[in-house]
Amino acid sequence: QANTSLLAAEPGPIELNWRATALVIIDMQRDFMEPGGFGETLGNDVSQLARAVKPIAAVLDAARATGMLVVHTREGHLPDLSDAPPAKVARGAPSLRIGDPGPMGRILIRGEAGHDIIPALYPLDSEIVIDKPGKGAFYATELGNLLQKYGIENLLVCGVTTEVCVNTTVREANDRGYRCVVLADCCASYFPEFHEMGLKMIKAQGGIFGWVSDSATVIEAIS
Ligand code: TIU
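Start counting the sequence shown at 6; every next residue gets the next number (full-length UniProt numbering).
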């Protein structure tokens, strides 16, 4: 594997130094993916997200085989809700609120079964897991410091949901100077039309927030 190669992407190919590239997998948690979790309490059809799992697993396998830095994130809050803004907890009319007891434990609370990452994509002990209270992975976390420590300049971004935590994280990363490549088939939304538009928003205007590629293209490039 060459250190650097040209990755096919939209709006155009991007030269990536793979040694300065990390795989970031956003919020592939039972709370968003499975019935009875936070996503379903908000009124969403969680089956919409399942399509991203196999493509992410394939990219994760390839990344692990090359020794790429892998970062998993989890959205959630401390058991006492001290890091959960009242404006977030009170939002909308969910069937269960953040912190309420559900079938997978307390909704969106760290340490509960529903907060953890789905078994198919479970982190290795050697991989980084970032617990984040917000939608973006940089807000109130150590992610920026860690990426700097590892000399990371480029992020391959996967996860859910495309227009919420993936887009927020990409926007945060773009402002911090990272080149973000979002892998289209490795992201999903409860709203297919928001998935499509969320990807278009990233790559429009010459790549205003980043690039869009896919799992097969990345696997071919790094394997
Ligand atoms: N509701 C929704 O689409 N997403 C979130 O609340 N969090 C993430 O995207 N992870």
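C-beta: ideal position from N, C-alpha, C; glycine also.
Cβ of Cys170 versus every heavy atom of the ligand TIU: is any distance shorter than 6 angstroms? Position 165 of the sequence shown, counted from the start, is the residue given in the question as residue 170. A heavy atom of the ligand TIU is found nearer than 6 angstroms to the CB of Cys170.
Measuring CB to CB, does Phe43 end up less than 7 angstroms from Ile112? Reading the sequence shown from its first residue, position 38 is the one you call residue 43. Reading the sequence shown from its first residue, position 107 is the one you call residue 112. In this structure, Ile112 lies closer than 7 angstroms to Phe43 by Cβ.
Can the beta-carbon of Thr173 be found less than 7 angstroms from the beta-carbon of Gly141? Position 168 of the sequence shown, counting from 1, holds the residue named residue 173. Position 136 of the sequence shown, counting from 1, holds the residue named residue 141. Taking 7 angstroms as the Cβ cut-off, Thr173 and Gly141 qualify as a contacting pair.
Measuring only from the beta carbon, is Thr46 closer than 6 angstroms to any heavy atom that is part of the ligand TIU? Position 41 of the sequence shown, counting from 1, holds the residue named residue 46. Thr46 Cβ: outside cutoff for every heavy atom of the ligand TIU.
Any idea if Gly41 is buried or exposed, counting beta-carbon neighbours within 10 angstroms, 16 or more meaning buried? Mapped onto the sequence shown, residue 41 falls at position 36. Counting Cβ neighbours within 10 Å, Gly41 comes out buried, since at least 16 surround it.
For Ala145, the nearest candidate out of Pro18, Arg79, Val223 and Asp50 (CA to CA): Start at 1 with the first residue of the sequence shown, and residue 145 comes out as number 140. Taking only the C-alpha atoms, the option nearest Ala145 is Arg79.
Name the one or two DSSP bridge partners that Lys137 has. For the purposes of this step, residue 137 is taken as residue 132 along the sequence shown, with counting starting at 1. Answer by DSSP bridge pairing, in chain order: Glu80.
DSSP beta-bridge partners for Ile114? One-based indexing of the sequence shown puts residue 114 at position 109. DSSP, once it has assigned bridges, lists His82 as partnering Ile114.
Report back the beta-carbon spacing between Leu54 and Ala193 to the nearest angstrom; my notes put them in contact at under 8 angstroms. Along the sequence shown, one-based indexing puts residue 54 at 49. Along the sequence shown, one-based indexing puts residue 193 at 188. The pair is a contact, with the Cβ atoms about 4 angstroms apart (cut-off 8 angstroms).
Tell me, which residues are paired with Glu15 by DSSP? The residue you call residue 15 lines up with position 10 of the sequence shown. Glu15 pairs with Val217.
Chain-order list of residues whose beta-carbon lies under 6 angstroms from that of Thr26 (same chain, five-residue window excluded): The sequence position of residue 26 within the sequence shown is 21, counting from 1. Result list for Thr26: Asn159, in chain order.
Gln153 versus Gly182 - alpha carbon distance: Looking up residue 153 in the sequence shown gives position 148. Looking up residue 182 in the sequence shown gives position 177. Rounded to the nearest angstrom, the two C-alpha atoms are 11 angstroms apart.
Going along the chain, which residues of its own chain have a beta-carbon closer than 6 angstroms to the beta-carbon of Ala47, five neighbours each way excluded? By 1-based counting over the sequence shown, the position of residue 47 is 42. Here residue 47 turns out to be Leu, not Ala, going by the sequence shown. So the qualifying residues of the chain are Pro99.
Less than 7 angstroms between the C-beta atoms of Leu12 and Ser218, yes or no? Reading the sequence shown from its first residue, position 7 is the one you call residue 12. Reading the sequence shown from its first residue, position 213 is the one you call residue 218. Against a cut-off of 7 angstroms, the Cβ pair of Ser218 and Leu12 comes out as a contact.
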